[in-house]
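A.B. asks:
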DNA sequence: AATTTAGCTTTCAAATTGCAAGTAAAAACA
DNA sequence: TGTTTTTACTTGCAATTTGAAAGCTAAATT
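Chains as they are written, first to last, in my numbering: chain A, 1490 to 1634; chain P, 1490 to 1634.
1) Can you say whether residue 1541/P is buried or exposed, counting buried as having 16 or more other CB atoms within 10 angstroms of its CB?
2) In chain order, what residues of the same chain lie with their CB nearer than 6 Å to the CB of residue 1566/P, ignoring the 5 residues before and after it?
3) Please go through the segment 1557 to 1596 of chain A and give each complete beta strand (DSSP E) segment of 3 or more residues, from N-terminal end onward.
4) Listed in chain order, which residues of the segment 1579 to 1592 of chain A have Cβ atoms closer than 8 Å to some Cβ of chain P?
5) Would residue 1572/A pass as a contact of residue 1553/A if the rule is Cβ separation under 8 Å?
6) To which residues of the same chain is residue 1617/P closer than 6 Å at the C-beta, ignoring the five residues directly before and after it?
7) Following the continuous alpha helix (DSSP H) through residue 1515/P, name the residue where it begins and the one where it ends.
8) Is the segment 1593 to 1600 of chain A close to the segment 1528 to 1539 of chain A, with three or more CB pairs under 8 Å?
9) Verify the CB distance criterion: does residue 1618/A have a CB-CB separation below 8 Å to chain P?
10) Please list, in chain order, all residues of the same chain as residue 1517/P whose beta carbon is under 6 Å from its beta carbon, the five residues on each side excluded.
11) Is residue 1503/A close to chain P? Criterion is C-beta to C-beta, closer than 8 Å.
12) Report yes or no: is there a C-beta of chain P within less than 8 Å of the C-beta of residue 1570/A?
13) Return yes when the Cβ of residue 1591/A is within less than 8 Å of the Cβ of residue 1577/P, no when it is not.
14) Alpha carbon to alpha carbon, how far is residue 1494/A from residue 1505/A?
15) Do residue 1569/A and residue 1519/A have their CB atoms nearer than 8 Å?
16) Is the distance from the Cβ of residue 1555/P to the Cβ of residue 1523/P below 8 Å?
17) Take residue 1550/A and list the residues in its own chain whose beta-carbon comes closer than 6 Å to its own, dropping the five residues that flank it on each side.
18) Could you tell me which of 1624/A, 1514/A and 1501/A sits nearest to residue 1497/P, measuring between CA atoms?
19) Given residue 1530/P, which residues of its chain have a CB within under 7 Å of its CB, disregarding the five upstream and five downstream residues?
20) Within its chain, find whatever has a CB closer than 6 Å to the CB of residue 1507/P; leave out the 5 residues flanking it on each side and keep chain order.
21) Along chain A, which residues have their Cβ under 8 Å away from the Cβ of residue 1500/P?
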């Protein structure tokens, strides 16, 4: 079941894949919070139900945003990792967070503040790039362990 | 009914508002396609149902992304216009389209190609800025007519 | 005055989301 | 080596959301 697209619009087509409450949240958890396993995701602040998690992980894999793998020697724990296609979502996530930072604090006063937010405000592109490089470094280190 | 937020994460909070198939599509139609009236939206490529459109327009207004108004002298046709908060979504839309352009053509080969896409690729920030300025110019011209 | 248009609302069916419980296999423990 | 725990799910079912189609009201046009 690949996916259905509403039309030929590039904006809309992205939302045909990413436009729901969970797809980008899962990507964020991987990129920003370092979550890798099914268990990791179930323990998140956002409290995703396991059946939804299962469905969304399958969809993310089908589309090519993540890959499912295992650590050598471990036959039980699945690892979900971002592909290049998935890492390319970083700028979208950073723009979403930036918009929240400047326009959503009135509606959700609990939105976090701190050094990371300040760093993001100071230089969005550098912040996005750092997130991505950090994740790539982790991927590289996994291969040789 | 303002809105419920899942947690204090700025990424997730943006998706609590924008994370569905329609909210950002409606904003795109206003920003990129110049749609303003209920009728305009119903005639879009994406073919939104009128009940959903009605619900989403109300939500967009409640959140503060759009305002509902009328042209002076016309008591029938409602105009929906982007606020500053709504216009601030432009970079998110441009990042979504950019991602589609580089990663979704395999899954949706019908995604449009053309001068606008090339211009977006050439300079994303300038493209976003042009979209926003273009919309602001339209807003300014409406006031004096 | 009659018709058309714009902007919805209502009804109901279908799809999606989500809670809670259950299962199977691997791994850790005694 | 047998028992318990952990991980990664699936299943059943209720609740919510989405969507197609029809209907309705008031303004504008003919």
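A virtual CB, placed ideally from N, CA and C, is assigned to each residue, including glycine.
C.D. replies: By the coordinates alone:
1) The residue is exposed, with fewer than 16 neighbouring Cβ atoms inside 10 Å.
2) Excluding residues within five positions, the ones whose Cβ falls inside 6 Å are 1526.
3) If we require 3 residues or more, the beta strand (DSSP E) runs fully inside the segment 1557 to 1596 of chain A come out as 1567 to 1571.
4) Answer in chain order: 1580, 1581, 1582, 1584, 1585, 1586, 1587, 1588, 1589, 1590, 1591 and 1592.
5) Residue 1553/A is positioned such that its CB atom lies closer than 8 Å to that of residue 1572/A.
6) In chain order, 1579, 1580 and 1583 place their CB closer than 6 Å to the CB of residue 1617/P, counting only its own chain and leaving out the 5 sequence neighbours on each side.
7) In the DSSP assignment, residue 1515/P falls within the unbroken alpha helix (DSSP H) covering 1512 to 1520.
8) Too few Cβ pairs lie closer than 8 Å, so no.
9) No, no contact with chain P.
10) 1582.
11) Answer yes: the Cβ-Cβ gap between residue 1503/A and chain P drops below 8 Å somewhere.
12) Not closer than 8 Å to any Cβ of chain P, the Cβ of residue 1570/A fails to qualify, so no.
13) Taking 8 Å as the Cβ cut-off, residue 1577/P and residue 1591/A qualify as a contacting pair.
14) Rounded to whole angstroms, the separation of the alpha carbons of residue 1505/A and residue 1494/A is 6 Å.
15) Yes.
16) A distance of 8 Å or more separates the beta carbons of residue 1555/P and residue 1523/P.
17) Contacts found: 1557.
18) Nearest of 1624/A, 1514/A and 1501/A to residue 1497/P, Cα basis: 1514/A.
19) Here the set comprises 1515, 1518, 1524, 1537 and 1542.
20) 1513, listed in sequence order.
21) Those within 8 Å of residue 1500/P in chain A are 1513, 1514, 1517, 1521, 1582, 1585, 1586 and 1589.
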